[in-house]
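Using this note's numbering, the first residue of the sequence shown is number 790, and each one after it goes up by one.
Input: a single structure, listed below in structure tokens.
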Amino acid sequence: PNILLINIDDMGWRDVGFMGSEFYETPNLDKLAAGGMIFTNAYASASNCAPSRACLMSGQWTPRHEIYTVNNSDRGKSKDRKLIPTPNNDYMPTNNVLIPEVLKNAGYTTCHAGKWHLNDDPTLFGFDVNIAGNHSGNPGSYYPPYRNVPSLEAPTDDYYLTNLIMDKTLQFLNGVDDQPFFLYYSPYAVHTPIHPVDSLMPNYEGKPTWNGQDNAKYATMVENLDIQIGRLITNLEKSGKLENTFILFTSDNGGHYGITKQWPLRSGKGSYYEGGIREPMFVRWPGEVAAGTKTDVPVINLDFYPTLLEVAGVSQPAGKTLDGKSILPLLTGTGTIESRALFWHFPIYLQAYVKNDTTTQDPLFRTRPGSAIRHGDWKLIQYFEYNDIELYNLAEDISEENNLAELNPEKRDELLQLLEEWRRKTN
């Protein structure tokens, strides 16, 4: 089968219609999601761009590749930091075998389209074609000149970057004949800067606020992204490739809390509360994944690597450590995933986006150094500076408002022990 992995930048859990948004308009994605399985408990393995993408592509927890954040790890003012942050690895180690390398060796034609962020050139990690990918985390502008994306030349003075990347992506698909393809479609949208698509502004000016969502400019970026994905699906359909294409859609981290809200989830990008790490996700694979299905089984983007290998019928690379589990049995209805703990480790600081943000642990930082674990319905966060412990029952408190660490010491200690064992295991 062909494989299409769609990884949106900074799109929050409720920023799409199929996850309940009544403000953003995403008819193409909603239709695709309805044709497959929707995941309500899908997670990114980090709450900001580079580490999440590094985990996805490598199939490994952050301590293995040591990409913890974007750029430097000593974020914020030094007078507000009690701990010395762990140094950050800004580049993916070249000896780490990523998904595209394995699929290319198995006979796939591979293409990266959009944001890469893991080194200067994604073709060094197994992509035959690179469209606009480099080490940049965001474009300087979605309108020409596309600062930070020098490889693309605009056909007109007002040509929108997301549209141009899709133009190039369709050119790639039109050049693929009978060989299976792996397309990693990873647009810079909807990351800042918030540059509206002017033709779509009338759709949102004056539209009533829904659940904290009311940013018309951002809404045009979401809808335009949906339109571009619609173009992609139309191309696959007309070429006869769609029915033999495995499609996985997700986002790399939570939505920017100053721009969009994911209520009832707490906080947003950069935080290890649910709003920072829980993502929209669906899988569509005609004939294999039943349409109109939904699951609340927790999954994480580390699971994509082993899943795609199984979909392609490819063996795990010799000597490669994979920390996720294939979700293919869950997708095809032939089995499930054993109950397991999911972990996050962020031993550094990430300064606040929003002044006096009350949704984070403190107003100065989106997060301070710490680790987190989810096991079953329970989630624990441990902050390292003063060993602050937070414990939440997500089944009863999805908003993470009621810290049960003192009221339920048995569950607290159980999860802390699992977390400490995991930290030892991953060094």
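Beta carbons are placed, not taken as given, at the ideal position from N, Cα and C, and that holds for glycine.
The shortest CA-to-CA distance from Pro1053 to any of Leu1014, Ala1184, Ala823, Lys1114 is the one to Ala1184.
Bounds of the beta strand (DSSP E) holding Gln1171 are 1167 to 1172. Taking the CA atoms as reference points, Tyr948 sits about 49 Å from Lys1214. The beta carbon of Gln1017 is closer than 7 Å to those of Thr951, Asn952, Met955 in its chain, skipping five residues each way along the sequence.
The beta carbon of Gln1171 sits closer than 6 Å to the beta carbons of Gly1159, Ser1160, Ile1178 from its chain, once the five residues preceding and following it are set aside; these are given in chain order. Beyond the five residues adjoining it in sequence on each side, Asn1145 comes within less than 6 Å, by CB distance, of Pro1152 in the same chain, given in chain order.
For Asp1085, the number of other beta carbons within 10 angstroms of its own is below 16, and it is reported as exposed. Shown here for Val891: same chain residues with a beta carbon closer than 7 Å to its own, the five before and five after excluded, namely Leu1098, Val1103, Pro1106 in chain order. Assignment of beta strand (DSSP E) within the stretch 888 to 924, counting only whole runs of 3 or more residues, yields 898 to 903, 918 to 920 in chain order. The three-state secondary structure of Gly1065, taken from DSSP, is helix.
Residue state for Asn878 is assigned as coil, using DSSP reduced to three classes. Bounds of the alpha helix (DSSP H) holding Lys1214 are 1198 to 1214. Gly1065 sits buried, since 16 or more C-beta atoms from the chains shown fall within 10 Å of its C-beta. Annotation for Gln1051: Gly801, Trp802, Arg803, Gly1043, Gly1044, Gly1057, Gly1064 place their beta carbon closer than 7 Å to its own, counting only its chain and skipping 5 residues before and after. Arg864 and Gly1059 have their C-alpha atoms spaced approximately 12 Å apart. Counting of Cβ neighbours within 10 angstroms places Pro840 among the buried residues, the total reaching 16 or more.
Take Met1010, set aside five residues on each side of it, and the residues of its chain with a beta-carbon closer than 6 Å to its own are Ala978, Val979, in chain order.
Only residues of its own chain outside the window of five on either side were considered, and among them Cys838, Val979, His980, Thr981, Ser1040, Asp1041, Asn1042, Gly1043, Gly1044, His1045, Lys1058 have a CB closer than 8 Å to the CB of Asp799, listed in chain order. Inter-residue distance for Ser810 and Gly1001 is about 10 Å (C-alpha atoms, whole angstroms). Residue Pro1136 holds the alpha-carbon nearest to the alpha-carbon of Asn877 among Pro1136, Asp1186, Gly1165, Gly896. Taking the Cα of Lys957 as reference, the smallest distance to any Cα among Gln968, Pro969, Pro976 is reached at Pro976. A straight-line Cα-Cα distance of about 7 Å links Ile1126 and Leu1119.
The residues Pro874, Thr875, Pro876, Asn877, Ile1137, in chain order, have a CB closer than 7 Å to that of Ser862 in the same chain once the five nearest residues on each side in sequence are set aside.
DSSP, reduced to helix, strand and coil, places Ala843 within a helical segment of the structure shown.
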